[in-house]
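For what it's worth, my numbering labels the leading residue of the sequence shown as 15, then goes sequentially.
Glycine residues also receive a C-beta, built at the ideal position from the N, C-alpha and C atoms.
All of these numbers come straight from a predicted model, not from anything done at the bench.
A quick write-up on the structure given underneath.
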Amino acid sequence: GTAGLRARPGRLAAVRQSAPRRCRMDADERRSVRRIEAADAWAVRHEVMWPERPPEYSRVDGDEDPSLSQHYGLFVDDVLVSVCSLFLEGDSAQFRKFATRVQRQGQGHGTHLLHHVFDAAKLAGCASICCNARIEQAPYYRKFGLAETPGSAFEKGGRHFVVMAADLQPAQAALSAEPSVPADTRA
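In structure tokens, the structure reads:
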């Protein structure tokens, strides 16, 4: 959970001031990652992750507290297609509620967004990052260097999850830098 999660002052401010990230894509589309409000993320989360549940089910403690969370959205031609929330505690980060609209999956949008979120965690000084991954999505997260934490499997809402974690290397470049995404990691 995020109860008691508090970031040191100034860590999130550096991330907040970062420039939007652009990447290579088709000439007819423009993709950018930018900060969004929690409320902007909720609709995508609900649509993709828990459409059979009430909308509130996709919200988490700390969503509306900027000292705890940062919300990122990937836009294609100014349409929000993917969301991810980053929570910082000490030198650790957790990304939560990572979702890409079904009709836009498999096009690299989620991968691009997740690289941006990892960069934001590095820029904030985090040494590690983790997530609660649906079991069936574990192979995708392994492409980012995340590994299952032994004994961490759990169930929520009839779905099975595992905690995955990775060490982060220090940030090498600003968030506005071009990402290096191998072709085989497209989401």
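- Taking C-beta atoms as the reference points, I143 and F112 fail to come closer than 8 angstroms.
- Judged by DSSP secondary structure, R45 falls within the beta strand (DSSP E) whose first and last residues are 45-50.
- Where K157 is concerned, there is no enclosing beta strand (DSSP E), because DSSP gives it neither an H nor an E.
- In the displayed model, L88 falls within a strand according to three-state DSSP.
- Its chain contains P34, R35, Y86, G87, L88, F89, H126, L127, H130 as the residues whose beta carbon lies nearer than 8 angstroms to that of V47, once the 5 sequence neighbours on both sides are disregarded; these appear in chain order.
- Annotated three-state conformation of E103 is strand, per DSSP.
- In the displayed model, L82 falls within coil according to three-state DSSP, outside both helix and strand.
- Between Q119 and the set G172, S96, L100, A134, the nearest pair of CA atoms involves S96.
- Nearest in C-alpha terms to R115, of all of G104, L94, F101, A107, is L94.
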